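Please read the structure below before turning to the comments.
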Amino acid sequence: MNQNVSTTSTSRKLGTRQLTIVGMLSAISIIMALTPLGFIQLPMARATLMHIPVIIGALVEGPVVGMLIGLMFGGFSLVQNYVAPSSALFFAFQNPLVSVLPRVLIPITAFYTYKYMIGKSESLKIGVAAAVGTATNTFGVLTMIYLLYREKVAVVFKASAASIAKVIYGIALTNGIPEMLIAVIIIIPVIRIIRRAKK
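Numbered according to numbering that gives the first Met the number 0, the sequence shown terminates at residue 198, and the numbering increases by one at each position without gaps.
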């Protein structure tokens with residue numbers, strides 16, 4: 000078992016430090032969602048950064064802490080799309096299967112990708128885990144939208160029902176690749192700094 004990743008389990012009570020980290024990273028994620036800090040405008044896409052605190056929480060303190068942060072992130076997205084919807088697809092994010100479930104899965108895929116990845120390079124492991132966690136967010140959300148709301152999305156984008164999969168997964172690729180690269184660039188140094196501080 001890799002010793003650099005926390006092995007907090009569901010059977011173990013969360014301590015004060017873990018709860019503090021949950022609160023702090025959840026607050027950061029929410030602040031990012033409410034401000035331009037949560038997005039980076041690229042030439043071809045608008046990359047989101049709000050999932051990054053979820054991945055950091057999972058890699059620093061384990062999947063349970065990460066899942067709690069993801070739950071807060073997803074729960075805020077759910078409430079926000081009821082109270083102050085701003086997206087053309089707000090109706091989809093009013094369903095917790097779209098706004099919450101993929102965000103709770105982010106730390107699971109990120110943590111276990113790191114834990115079971117073969118190799119000695121910590122930076123590579125962290126980077127791959129960050130990319131997988133990011134892909135879980137992007138493709139998870141858009142897959143749930145496709146499965147549950149493809150007819151409504153086709154109307155929004157003025158596309159045929161037959162072509163809506165290309166539209167949705169085109170968005171996934173356009174946004175997902177930059178989001179993965181940005182997450183890797185940010186998360187690798189942050190995790191290494193946190194680990195040095197903990198020592």
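By construction, the Cβ of each residue, glycine as well, lies at the ideal position given by its N, Cα and C atoms. Because the structure is a prediction, the values reported are computed rather than measured.
What whole-angstrom Cβ distance do residue i and residue j have, given they're in contact under 8 Å?
| i | j | result |
| --- | --- | --- |
| Gly132 | Ile54 | 4 Å |
| Asn174 | Thr137 | 6 Å |
| Pro188 | Phe110 | Rounded, the Cβ-Cβ distance is 19 Å, inconsistent with contact. |
| Val140 | Val97 | 6 Å |
| Ala182 | Ala130 | 7 Å |
Residues bridged to residue i by DSSP?
| i | result |
| --- | --- |
| Phe38 | Thr47 |
Just to confirm my understanding: we take residue i, look at its own chain, exclude 5 residues before and 5 after, and list those with CB closer than 8 Å. What are they?
| i | result |
| --- | --- |
| Val103 | Met66, Gly69, Leu70 and Gly73 |
| Ser10 | Because the pLDDT of Ser10 is 40, which lies under 50, any placement of that residue in the model is unreliable, and the number read from its coordinates should be weighed accordingly. Same-chain partners within the cutoff: there are none. |
| Arg195 | none |
| Phe156 | Ile163 and Val166 |
| Ile144 | Leu88, Ala91, Val97, Val152 and Ile167 |
Take the Cβ of residue i as the centre, count every other Cβ of all protein chains shown within 10 Å, and call the residue buried at 16 or more, exposed below.
| i | result |
| --- | --- |
| Ile117 | exposed |
| Gly14 | exposed |
| Ile105 | buried |
| Ser28 | buried |
| Gln2 | Note that Gln2 scores 47 on pLDDT, short of 50, meaning its location in the model is unreliable and no value can be drawn from it. |
| Gly126 | buried |
| Pro52 | buried |
Is there a Cβ from chain B that is less than 8 Å from the Cβ of residue i?
| i | result |
| --- | --- |
| Leu104 | Of the protein chains in the structure, only one exists, and it is not chain B. |
Could you pull out every residue in the same chain whose Cβ sits closer than 6 Å to the Cβ of residue i, ignoring the five residues on either side in sequence?
| i | result |
| --- | --- |
| Ser25 | Ile68 and Met71 |
| Ile190 | Leu58 and Ile125 |
Thinking C-beta only, is residue j closer than 8 Å to residue i?
| i | j | result |
| --- | --- | --- |
| Ala91 | Thr112 | no |
| Thr135 | Pro101 | yes |
| Val64 | Val99 | no |
| Ile163 | Ala171 | no |
| Glu150 | Ala158 | no |
| Ile193 | Val59 | yes |
In its own chain, which residues sit with a C-beta less than 7 Å from the C-beta of residue i, not counting the 5 before and 5 after it?
| i | result |
| --- | --- |
| Ile39 | Ala46, Leu48 and Ile181 |
| Met179 | Ala130, Thr133 and Ala134 |
| Phe75 | Ile29 and Ala32 |
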